[in-house]
Amino acid sequence: MPEGEDHLLSLPKQRKTRTQKALRKSLKGTAALSNLLPTGTTFVFSLLSPVFTNKGQCTSTLTHILTICLLAVSAMACSLLCFTDSIRDEKGKVRYGFATSKGLWVIAASVKLSHADAEKYKLKGRDFRHAFMSALVFAVVAFCDQNVIKCFFPVESELAKWLLEVVPLAVGGVCSVFFLLYPTTRHGIGFPLSRE
1 MPEGEDHLLS LPKQRKTRTQ KALRKSLKGT AALSNLLPTG TTFVFSLLSP VFTNKGQCTS
61 TLTHILTICL LAVSAMACSL LCFTDSIRDE KGKVRYGFAT SKGLWVIAAS VKLSHADAEK
121 YKLKGRDFRH AFMSALVFAV VAFCDQNVIK CFFPVESELA KWLLEVVPLA VGGVCSVFFL
181 LYPTTRHGIG FPLSRE
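Take the sequence shown: its letter number 127 is residue 127 in UniProt numbering, and every next letter is one higher.
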């Protein structure tokens, strides 16, 4: 142990004030929010969007179809990732799987969960709500992309401008509140496992 750190271990645990507890809870909820937002999918979409939309110049039916396919596949990826979870096997290695109605289906075929452990990972209604909300957040972000706007709405109107200002704020606010009030217990692909 480096010099000076041993005194940290011997300090008595102090009781937290209400303010500290509330702040900790809100920060923990905000950190959990990052698990639910489609950041990876949005990043990939923002890289592919200029290519698929021809930098917003959708001059052919093919570019429209490709852009619609990119939007659909990205939205499905956002939803599908809400059904992933991870566990540690007996060797401590992180394994990923998909939640099913019978429990967690672990991708590594060599890992088998006991019936009691598999039960903990069953699909719940909350998973479907999170998947829907995640796809909704992605859709809002995608339709704020300038390439998508130019492709599908080449003529600007006052209504379109107003919708692009109001809808993302409304959807973002509603989804954020939902995610904070109903946090997920899943640790999907790419997110750290909790201590439990």
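Heads up, the beta-carbon is just placed ideally off N, CA and C, and yes, glycines get one too.
* Asked: So, are the CB atoms of L74 and T42 less than 9 Å apart?
  -> Locating residue 74 in the sequence shown gives position 74, counting from the first residue. Locating residue 42 in the sequence shown gives position 42, counting from the first residue. According to the sequence shown, residue 74 is Ser rather than Leu. Taking 9 Å as the Cβ cut-off, S74 and T42 qualify as a contacting pair.
* As assigned by DSSP and simplified to three states, the class of F45 -> Position 45 of the sequence shown, counted from the start, is the residue given in the question as residue 45. In this structure, F45 counts as helix in the three-state DSSP scheme.
* Complete runs of the alpha helix (DSSP H) confined to the segment 87-128 [at least 4 residues] -> Within the segment 87-128, the complete alpha helix (DSSP H) runs of at least 4 residues are 115-120.
* Asked: Can you give the Cα-Cα distance for V177 and L169, rounded to whole angstroms?
  -> To locate residue 177, count along the sequence shown from 1; it is residue 177. To locate residue 169, count along the sequence shown from 1; it is residue 169. Spanning the two alpha carbons is a distance of roughly 12 Å.
* To do: Pick helix, strand or coil for T63, following the three-state DSSP scheme.
  => Residue numbering aside, residue 63 sits at position 63 when the sequence shown is read from its first letter. For T63, the secondary structure class from DSSP, reduced to helix, strand or coil, is helix.
* Asked: With 16 as the cutoff for other CB atoms within 10 Å, does M1 come out buried or exposed?
  -> On the sequence shown, position 1 is the one that residue 1 refers to. Bear in mind that the predicted position of M1 carries a pLDDT of just 46, short of 50, making it unreliable; the figure below should be weighed with that in mind. Exposed is the label assigned to M1, since fewer than 16 other Cβ atoms lie within 10 Å of its Cβ.
* T19 (DSSP reduced to helix, strand or coil) -> Position 19 of the sequence shown, counted from the first residue, corresponds to residue 19. Note: T19 maps to helix in three-state DSSP.
* Stretch pair the segment 134-141 + the segment 87-106: three plus CB contacts closer than 8 Å -> Counting Cβ pairs under 8 Å, fewer than three are found: no touch.
* H130 to A142, Cα distance in whole Å? -> In the sequence shown, the residue the question calls residue 130 occupies position 130. In the sequence shown, the residue the question calls residue 142 occupies position 142. Each residue's alpha carbon lies about 18 Å from the other.
* To do: Please go through the same chain and pick out, in chain order, the residues whose beta-carbon is closer than 8 Å to the beta-carbon of T100, but skip the five residues on each side of it.
  => Translated into the one-based positions of the sequence shown, residue 100 becomes position 100. Around T100: K122, L123.
* Look up T84 in the DSSP assignment and say whether it is helix, strand or coil. => Here residue 84 is taken as the residue at index 84 of the sequence shown, counted from 1. Assignment of T84 by DSSP, reduced to helix, strand and coil, places it in the strand class.
* **Where F128 falls, given that 16 or more other Cβ within 10 Å makes a residue buried** => Indexing the sequence shown from 1 puts residue 128 at position 128. F128 comes out exposed.
* How about R95 and A108: do their beta carbons lie closer than 9 Å? -> Taking the first residue of the sequence shown as position 1, residue 95 is located at position 95. Taking the first residue of the sequence shown as position 1, residue 108 is located at position 108. Yes, the Cβ-Cβ distance between R95 and A108 is below 9 Å.
* **Exposure label - L181; buried when at least 16 CB within 10 Å** => The residue labelled residue 181 in the question sits at position 181 within the sequence shown. Classification of L181: exposed, given that the 10 Å Cβ count is below 16.
* Contact under 9 Å by Cβ, I189 with S79 -> Here residue 189 refers to the residue found at position 189 of the sequence shown. Here residue 79 refers to the residue found at position 79 of the sequence shown. No, the Cβ-Cβ distance between I189 and S79 is not below 9 Å.
* **With 16 other Cβ atoms within 10 Å as the buried cut-off, status of A72** => Looking up residue 72 in the sequence shown gives position 72. In the assembly as shown, A72 is an exposed residue. Its beta-carbon has fewer than 16 other beta-carbons within 10 Å.
* Given a threshold of 16 other Cβ atoms within 10 Å of its Cβ, counted over all protein chains shown, does S114 qualify as buried or as exposed? -> Counted from its first residue, the sequence shown places residue 114 at position 114. Exposed, since its Cβ has fewer than 16 Cβ neighbours within 10 Å.
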